[in-house]
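Here the structure comes first, spelled out in structure tokens, and everything after it is commentary.
In my numbering, the protein residues as written are 36 to 265.
Next up, the structure:
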């Protein structure tokens, strides 16, 4: 998938800038992480046993749809981009209901495209559908993280916190510390300062050398200074 919405590209900011923009929602899906996750999933054996030609053809079809959609996308004007989005979504339709890795990939790509279109409700549905297509896949934490991002866009902090927490509890997830920070941030934004403080402390304890732990420590200091927590 294109780097247009890559979370890492969007959030390469200094620690100071992150603190200044703390209450700004992290609303960009993790496309780069998805690609990394797929590579790691292969190493972990996610595709072990997928020998049926139907699965292979399905995955090849999704790859072809993604390639066609992203090829030279940086030079596409607005009408051309809309045309590509519509064509990709149409091409994905036969694969969305499949209860296997093909369905997972199809729904994730559909979710990314919907997010690009700022259709957050539809994107959320596709992220959750990807989770439902095949349980316990390596990419599930990515789907939960992105479902949380969509929920924030829809001003549903309750679901956002729920999905961030699930992603944070997935220790193999490359951005589990980020997910835990976002969970705490959403709790704080919602006024649940005690729950936020508990999560911030957990982040500091479990990821002491992580940049997100440094930000969590800063939030704890601020909350205490403002008398919002003991």
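Cβ coordinates follow ideal geometry from the N, Cα and C atoms, glycine included. What you are looking at is a predicted structure, and each value in this text was computed from that prediction instead of being measured.
Which residues in the same chain have their Cβ closer than 7 Å to the Cβ of residue i, if we skip the five residues on either side of it in sequence?
{"i": "residue 234", "result": "215, 218, 219, 222"}
{"i": "residue 155", "result": "185, 188, 189"}
{"i": "residue 213", "result": "247"}
{"i": "residue 158", "result": "146, 149, 150, 185"}
{"i": "residue 203", "result": "211, 214, 215, 218"}
{"i": "residue 228", "result": "258, 263, 264"}
Does the beta-carbon distance from residue i to residue j come in below 9 Å?
{"i": "residue 142", "j": "residue 164", "result": "yes"}
{"i": "residue 126", "j": "residue 100", "result": "yes"}
{"i": "residue 258", "j": "residue 231", "result": "yes"}
In angstroms, rounded to a whole number, what distance separates the CA positions of residue i and residue j?
{"i": "residue 98", "j": "residue 146", "result": "15 Å"}
{"i": "residue 264", "j": "residue 225", "result": "15 Å"}
{"i": "residue 92", "j": "residue 166", "result": "21 Å"}
{"i": "residue 129", "j": "residue 207", "result": "31 Å"}
{"i": "residue 194", "j": "residue 148", "result": "21 Å"}
{"i": "residue 90", "j": "residue 162", "result": "20 Å"}
{"i": "residue 191", "j": "residue 261", "result": "26 Å"}
{"i": "residue 245", "j": "residue 168", "result": "33 Å"}
{"i": "residue 62", "j": "residue 113", "result": "Per-residue confidence for residue 62 stands at a pLDDT of 49, beneath the threshold of 50, marking its modelled position as unreliable; no derived number is given."}
{"i": "residue 144", "j": "residue 102", "result": "11 Å"}
{"i": "residue 106", "j": "residue 152", "result": "18 Å"}
{"i": "residue 121", "j": "residue 160", "result": "17 Å"}
{"i": "residue 79", "j": "residue 205", "result": "Any reading at residue 79 must be qualified, since the residue scores a pLDDT of 48, below 50, and its modelled position is unreliable; no value is offered."}
My guess is that residue i and residue j are in contact by the Cβ rule of under 8 Å, so how many angstroms apart are they, rounded?
{"i": "residue 236", "j": "residue 255", "result": "7 Å"}
Give every residue of the same chain whose Cβ lies closer than 6 Å to the Cβ of residue i, excluding the five residues on either side of it in the sequence, and list them in chain order.
{"i": "residue 104", "result": "119, 123"}
{"i": "residue 140", "result": "97"}
{"i": "residue 183", "result": "195, 198, 199"}
{"i": "residue 248", "result": "238, 239, 242"}
{"i": "residue 111", "result": "none"}
Is there at least one Cβ from chain C nearer than 9 Å to residue i's Cβ?
{"i": "residue 147", "result": "Looking for chain C here will not work: only one protein chain is present."}
In chain order, what residues of the same chain lie with their CB nearer than 8 Å to the CB of residue i, ignoring the 5 residues before and after it?
{"i": "residue 252", "result": "235, 239"}
{"i": "residue 95", "result": "none"}
Does the distance between the C-beta of residue i and the nearest non-hydrogen atom of the ligand FAD fall short of 8 Å?
{"i": "residue 216", "result": "Of the ligands one can find in the structure shown there are none, so the ligand FAD has no counterpart to examine."}
The region 171 to 179 in contact with the region 192 to 208 per 3-pair CB rule at 8 Å:
In the pairwise beta carbon analysis, the region 171 to 179 is classified as touching the region 192 to 208: at least three pairs are separated by under 8 Å.
Within 8 Å, do at least three Cβ pairs link the region 126 to 143 to the region 159 to 175?
yes
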